[in-house]
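Report on the following structure.
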Amino acid sequence: MVKPLVDCLLDKVSKIRQQAEEVIVEVMSMTGFEPFSRVAKDLKTAVQQQVRPILEKAKSKCGSGPTTNIEETKTAPITKAAATA
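The structure is reproduced here in structure tokens:
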């Protein structure tokens, strides 16, 4: 889901780029910055220079994202406090 969103930042239609930025803020608040950073690293240097500032702006809008990795939460054991909640 992250790669297509980053690709939308490069669309020639400005409305699509704006909406992609809004969606990225929402997704980044759930996933954190790292998945977007990994996708950006795979882009050509010129494209990276275009996308990085947009991703940094989104990062500042949503905060630092989750403190734990999503994969960790899937495999983390359920604690007694969490089970009773």
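Letter by letter, the sequence shown follows residues -1 to 83 in the numbering used here. Where a beta carbon is used, it is the ideal one built from N, C-alpha and C, also for glycine. Note that this is a predicted model, so its numbers are computed, not measured.
Query: CB of K23 within 8 angstroms of CB of L3, strictly; Result: In the sequence as presented, Lys is not what sits at residue 23; that position holds Val. Cβ atoms of V23 and L3: not closer than 8 angstroms.
Query: Counted within 10 angstroms of its Cβ, other Cβ atoms place K57 as buried (16 or more) or exposed; Result: buried
Query: G61 and S35 closer than 8 angstroms at C-beta; Result: no
Query: Per-residue burial, A18 [other beta carbons within 10 Å of its own, 16 or more giving buried]; Result: buried
Query: Span separating the alpha-carbon of I52 from that of E20; Result: 11 angstroms
Query: With 16 other Cβ atoms within 10 Å as the buried cut-off, status of A44; Result: exposed
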